[in-house]
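Q:
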Amino acid sequence: MRHRVSLTAAPQEAAAQSLYIPIAARKLGIPPGEITAARITRKSIDARSRRIRVNLELEVSTDPAGFSPAPLPLHYRSVHNQPPVLVVGAGPAGLFAALRLVELGCRPIVIERGREVRTRRKDIARLLRQHTLDPDSNYGFGEGGAGAFSDGKLYTRSRKRGDVQRILAILHHHGAAAEILFETQPHIGTNKLPGIIRNIRATLLEAGGEIHFETPLTEFIINAGIIQGVRTRGGATFKAAATILATGHSARDIYQGLQRDGIAIEPKPFAMGVRVEHPQRLIDRIQYHGQPRGPYLPAAAYRLVTQVDGRGVYSFCMCPGGFIVPAATGPGEVVVNGMSPAKRNSPFANAGVVVEIRLADIPPMDAAPALAGLAYQAGLEREAFNHGGRHGQTAPAQCLRDFVAGRLSADLPATSYLPGVVSSPLHAWLPAAIVARLQQGFRVFGKQLKGFMSGEAVVLAVESRTSSPVRIPRHPESLQHQQVQGLYPCGEGAGYAGGIVSSAIDGERCAEKAAAVFGKTSP
Ligand SMILES: Cc1cc2nc3c(=O)[nH]c(=O)nc-3n(C[C@H](O)[C@H](O)[C@H](O)COP(=O)(O)OP(=O)(O)OC[C@H]3O[C@@H](n4cnc5c(N)ncnc54)[C@H](O)[C@@H]3O)c2cc1C
Numbered sequence: 005m006r007h008r009v010s011l012t013a014a015p016q017e018a019a020a021q022s023l024y025i026p027i028a029a030r031k032l033g034i035p036p037g038e039i040t041a042a043r044i045t046r047k048s049i050d051a052r053s054r055r056i057r058v059n060l061e062l063e064v065s066t067d068p069a070g071f072s073p074a075p076l077p078l079h080y081r082s083v084h085n086q087p088p089v090l091v092v093g094a095g096p097a098g099l100f101a102a103l104r105l106v107e108l109g110c111r112p113i114v115i116e117r118g119r120e121v122r123t124r125r126k127d128i129a130r131l132l133r134q135h136t137l138d139p140d141s142n143y144g145f146g147e148g149g150a151g152a153f154s155d156g157k158l159y160t161r162s163r164k165r166g167d168v169q170r171i172l173a174i175l176h177h178h179g180a181a182a183e184i185l186f187e188t189q190p191h192i193g194t195n196k197l198p199g200i201i202r203n204i205r206a207t208l209l210e211a212g213g214e215i216h217f218e219t220p221l222t223e224f225i226i227n228a229g230i231i232q233g234v235r236t237r238g239g240a241t242f243k244a245a246a247t248i249l250a251t252g253h254s255a256r257d258i259y260q261g262l263q264r265d266g267i268a269i270e271p272k273p274f275a276m277g278v279r280v281e282h283p284q285r286l287i288d289r290i291q292y293h294g295q296p297r298g299p300y301l302p303a304a305a306y307r308l309v310t311q312v313d314g315r316g317v318y319s320f321c322m323c324p325g326g327f328i329v330p331a332a333t334g335p336g337e338v339v340v341n342g343m344s345p346a347k348r349n350s351p352f353a354n355a356g357v358v359v360e361i362r363l364a365d366i367p368p369m370d371a372a373p374a375l376a377g378l379a380y381q382a383g384l385e386r387e388a389f390n391h392g393g394r395h396g397q398t399a400p401a402q403c404l405r406d407f408v409a410g411r412l413s414a415d416l417p418a419t420s421y422l423p424g425v426v427s428s429p430l431h432a433w434l435p436a437a438i439v440a441r442l443q444q445g446f447r448v449f450g451k452q453l454k455g456f457m458s459g460e461a462v463v464l465a466v467e468s469r470t471s472s473p474v475r476i477p478r479h480p481e482s483l484q485h486q487q488v489q490g491l492y493p494c495g496e497g498a499g500y501a502g503g504i505v506s507s508a509i510d511g512e513r514c515a516e517k518a519a520a521v522f523g524k525t526s527p
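Residue 5 is where the sequence shown starts when you use my numbering, and the numbers rise one by one after that.
1) Got a sec? Which residues, its chain only, sit under 8 Å from Ile27 by beta carbon, not counting five neighbours each side?
2) Who are the near neighbours of Pro296 in its chain, counting only those whose CB is closer than 8 Å to its CB and skipping five residues on each side?
3) Taking just the CA atoms, how far does Lys517 sit from Ser482?
4) Taking 7 Å as the limit between beta carbons, can you name the residues of its chain near Leu416, skipping five residues before and five after?
5) Pull up the CB-CB distance for Leu208 and Pro273, whole angstroms please, since I reckon it's below 8 Å.
6) Short check: CB of Ser344 to CB of Thr194, under 9 Å?
7) Kindly indicate the opening and closing residues of the alpha helix (DSSP H) around Tyr24.
8) On a Cα-Cα basis, can you pick out the residue from Tyr159, Asp406, Ala374 and Gly239 that is closest to Gln472?
9) Rank Arg104, Asn142, Thr136 and Ile230 by C-alpha distance to the C-alpha of Ile174 and give the top, closest one.
10) Work out the CA separation of Ala508 and Arg170 for me, nearest whole Å.
11) Let me make sure I understand the geometry here. Which of Ala206, Val89 and Leu262 has the alpha-carbon closest to that of Phe242?
12) Between the segment 273–284 and the segment 116–125, are three or more C-beta pairs nearer than 8 Å?
13) Considering only residues of the same chain and omitting the five flanking positions on each side of Phe320, which have a CB-CB separation below 6 Å?
14) Taking 9 Å as the cut-off, decide whether the C-beta atoms of Ala379 and Ser254 are in contact.
15) Just curious, the beta strand (DSSP E) that Thr241 is in, first and last residue?
16) Considering Cα atoms alone, identify which of Glu63, Asn142, Ala353 and Glu385 is closest to Thr419.
17) Quick one: what's got a C-beta closer than 6 Å to Phe456's C-beta in the same chain, skipping five residues either side?
18) Identify every residue that forms a DSSP beta bridge with Thr310.
19) Taking the beta carbon of Glu337 as the centre, do at least 16 other beta carbons fall within 10 Å, making it buried, or is it exposed?
20) For Ala41, which three-state DSSP category applies?
21) Is it buried or exposed, Pro68, if we count other Cβ atoms within 10 angstroms and call 16 or more buried?
22) Can you give me the C-alpha to C-alpha distance between Ser65 and Asn203, rounded to a whole angstrom?
23) Does ligand 1 have even one heavy atom less than 8 Å from the beta-carbon of Cys321?
24) Under a three-way DSSP split, which group does Ile287 fall into?
25) Going by C-alpha to C-alpha distance, which of Ala244, Pro87, Asp365 and Pro324 sits closest to Ala437?
26) Could you tell me if the beta carbon of His253 falls within a distance shorter than 8 Å of some heavy atom in ligand 1?
27) Quick one: Cα of Gly146 to Cα of Glu116, how far?
28) Is Gly502 near ligand 1 - that is, is its Cβ less than 8 Å away from at least one heavy atom of it?
29) Can we count Ala94 as close to ligand 1, meaning its CB is less than 8 Å from some heavy atom?
30) Expressed to the nearest angstrom, what Euclidean distance is found between the alpha-carbon atoms of Val83 and Ile504?
31) Looking at the secondary structure, which residues open and close the alpha helix (DSSP H) in which Arg264 lies?
32) Should Val329 be listed as close to ligand 1, given that the test is whether its C-beta is under 8 Å from any heavy atom?
33) For Gly490 and Thr247, which I take to be in contact (beta-carbon distance under 8 Å), what is that distance rounded to the nearest angstrom?
34) Taking the straight line between their C-alpha atoms, what separation do you get for Phe522 and Leu363?
35) With the cut-off set at 9 Å, would you say Ala498 and Arg475 are in Cβ contact?
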């Protein structure tokens, strides 16, 4: 027989089955020895008071055989002779689109600008140590997309629990730890993601799909409003009746190409700001009420949000125990972002703190109005380069208190950002509307989290790639581009997702629509 039971336990009790099974048995009114197996279905930490508790929801079996294995809801089959569908970009949207195509009986042909994930790791190591940026292989581009060397946080605002659980189940099937299936804030970690991406590639190739690395799309082949395929750098063509475009929001050349070819794109609101970093022990002390974290609690996180002068100011992609990384994708740019390893054991805690940017906030661009946000974003990244590295990826930085007070920092605290930082008056060169809102936002956050405005906190510029400044309009039902039949704009770059899980969900949805054209529907 199976039972469901909710319980609250001390962190050390929640960490060991031998300690929480007796609590579950007491709640169920049965002897602990009757429980033959138990698994956590949900886990969250309640640190609102000094007495920190862990909430567990358990599924418990009293059958002698424990749990019989749950059937896997995935059906990867041979698609060797099935209709091809082109997938451009091997980020979360493209990879999950390709996996879904296999399930539905179509043959995914994936073309990817960057390199496979193992070689890409070496390119990133060169970027960190020697400041050498490869415009095709970096934190944004290459197998796994921006999700590969990311934090691997799997939170999403998507309310469709079934869709989210499916994505988590697929990641688990490809090697992610079972904890992601029940943690309220699941996280994979930058060191574990590449292995999972390699396993996804193996599934695709085994089924009969193709993946072509170092093969960037350069041109759409469109005839009478219907996409026929794409041309890639070097001149090769790939033909298919359906193309899923999942190139992410850093692929500026794609937006420029669409604009040049007269294919509709539109501007959309986005967000920009800085990345703030504290010592992790300070965030632990704030969130765990001055108590040491000990071995049973995770590195503490925070989520902050306020409104300043009619715009949202909020923390974004908080990385406890993480690192700030150089996320530029082109020469002459400095862009910062954050990630953390599975154990979240670096001595630093970082988060983007960004201001909502609406279309009215940016200078118009008469020649290409849809690209105004992109031009504004790119301009600030060049400024960050000019004030930071000039010859590399050194980031302009300022002590948090100095940024809020509007004065240059004489010294900077240690940071996790490997390419290094240089003191810069960010308050003087970032746009005044962003600076004023960030300054006020930080004052509010300092009140919400006592100790946040610490002398040990530092801000780095510029956090500019939080979301896409462009949308590629598509029909809400068919998900095809409004003008181009057979083209499915997909994921974050198309403006329909933000983050790994929502991009993966959008990838699956586009695959379903593309496959339906060939009469292939849910197995
Ligand atoms: C450092 C970092 C940390 C992050 N941490 C998290 C996190 O913890 N949790 C979270 O949810 N999100 C995180 N994100 C954001 C997340 O990675 C993105 O939201 C997500 O990857 C978007 O998925 P996508 O498939 O739509 O696009 P992308 O991941 O951007 O993938 C696009 C792919 O298309 C390829 N491409 C580009 N141009 C071409 C072309 N011309 N031809 C062929 N291929 C092309 C690129 O090389 C890339 O592989 C992080 C991002 C970064 C940079």
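Just so you know, even glycine gets a beta-carbon here, dropped at the ideal spot from N, CA and C.
A: Well, looking at it:
1) Position 23 of the sequence shown holds residue 27. The answer, listed in chain order, is Leu11, Ala13 and Glu17.
2) Along the sequence shown, read from residue 1 onward, the residue named residue 296 stands at position 292. For Pro296, where only same-chain residues beyond five positions count, the Cβ hits under 8 Å are Asp288.
3) Here residue 482 is taken as the residue at index 478 of the sequence shown, counted from 1. Here residue 517 is taken as the residue at index 513 of the sequence shown, counted from 1. Rounded to whole angstroms, Ser482 to Lys517 spans 6 Å at the Cα level.
4) The residue you call residue 416 lines up with position 412 of the sequence shown. Hits under 7 Å: Ala401, Cys403, Val425, Ser427 and Val462.
5) On the sequence shown, residue 208 is found 204 positions in, with the first residue counted as 1. On the sequence shown, residue 273 is found 269 positions in, with the first residue counted as 1. Leu208 to Pro273, Cβ: 35 Å. No contact.
6) Along the sequence shown, one-based indexing puts residue 344 at 340. Along the sequence shown, one-based indexing puts residue 194 at 190. A contact, by the Cβ cut-off of 9 Å.
7) Along the sequence shown, read from residue 1 onward, the residue named residue 24 stands at position 20. Counting along the chain, the alpha helix (DSSP H) containing Tyr24 begins and ends at Gln21 to Leu32.
8) As a working mapping, residue 472 is identified with position 468 in the sequence shown. The residue asked about is misnamed: residue 472 is Ser in this sequence, not Gln. For Ser472, the nearest C-alpha among the options comes from Ala374.
9) In the sequence shown, residue 174 corresponds to position 170, counting from 1. It is Arg104.
10) Stepping through the sequence shown from its first residue, residue 170 is reached at position 166. Stepping through the sequence shown from its first residue, residue 508 is reached at position 504. Between Arg170 and Ala508, the C-alpha separation is close to 10 Å.
11) The residue you call residue 242 lines up with position 238 of the sequence shown. When each option's Cα is compared against that of Phe242, the closest is Val89.
12) no
13) By one-based count along the sequence shown, residue 320 stands at place 316. Excluding positions up to five away in sequence, the list reads Gly356, Val358 and Thr470.
14) By one-based count along the sequence shown, residue 379 stands at place 375. By one-based count along the sequence shown, residue 254 stands at place 250. Contact flag unset, no.
15) Working through the sequence shown from its first residue, we reach residue 241 at position 237. Thr241 to Lys243 is the extent of the beta strand (DSSP E) around Thr241.
16) As a position in the sequence shown, residue 419 is number 415, starting the count at 1. With distances taken between Cα atoms, Thr419 lies closest to Ala353.
17) On the sequence shown, residue 456 is found 452 positions in, with the first residue counted as 1. Within the same chain, Phe456 has close Cβ partners Phe449 and Gly450.
18) Taking the sequence shown and counting its residues from 1, one reaches residue 310 at position 306. Thr310 is bridged to Val317.
19) Position 333 of the sequence shown, counting from 1, holds the residue named residue 337. With 16 or more other Cβ atoms within 10 Å, it is buried.
20) As a working note, residue 41 is residue 37 in the sequence shown. Three-state result, Ala41: strand.
21) Taking the first residue of the sequence shown as position 1, residue 68 is located at position 64. Exposed.
22) Position 61 of the sequence shown, counted from the start, is the residue given in the question as residue 65. Position 199 of the sequence shown, counted from the start, is the residue given in the question as residue 203. If you take the alpha carbons of Ser65 and Asn203, they lie about 32 Å apart.
23) Start at 1 with the first residue of the sequence shown, and residue 321 comes out as number 317. Yes, the Cβ of Cys321 comes within 8 Å of a heavy atom of ligand 1.
24) One-based indexing of the sequence shown puts residue 287 at position 283. Three-state DSSP puts Ile287 in a helix.
25) As a first step, residue 437 is located in the sequence shown; it is residue number 433 there, counting from the start. Nearest of Ala244, Pro87, Asp365 and Pro324 to Ala437, Cα basis: Asp365.
26) In the sequence shown, residue 253 corresponds to position 249, counting from 1. Checking the Cβ of His253 against ligand 1 gives yes.
27) Against the sequence shown, residue 146 aligns to sequence position 142. Against the sequence shown, residue 116 aligns to sequence position 112. Looking at the two C-alpha atoms, the distance is approximately 7 Å.
28) For the purposes of this step, residue 502 is identified with residue 498 of the sequence shown, where counting begins at 1. Yes.
29) On the sequence shown, position 90 is the one that residue 94 refers to. Checking the Cβ of Ala94 against ligand 1 gives yes.
30) Walking along the sequence shown from the start, residue 83 turns up at place 79. Walking along the sequence shown from the start, residue 504 turns up at place 500. If you take the alpha carbons of Val83 and Ile504, they lie about 26 Å apart.
31) Your numbering for residue 264 matches position 260 in the sequence shown. Run containing Arg264: Arg256 to Arg264, per the alpha helix (DSSP H) assignment.
32) Taking the first residue of the sequence shown as 1, we reach residue 329 at position 325. Checking every heavy atom of ligand 1 against the Cβ of Val329, one is found closer than 8 Å.
33) Walking along the sequence shown from the start, residue 490 turns up at place 486. Walking along the sequence shown from the start, residue 247 turns up at place 243. The pair is a contact, with the Cβ atoms about 6 Å apart (cut-off 8 Å).
34) By one-based count along the sequence shown, residue 522 stands at place 518. By one-based count along the sequence shown, residue 363 stands at place 359. The straight-line gap from Cα to Cα measures roughly 39 Å.
35) Translated into positions along the sequence shown, residue 498 becomes position 494. Translated into positions along the sequence shown, residue 475 becomes position 471. A contact, by the Cβ cut-off of 9 Å.
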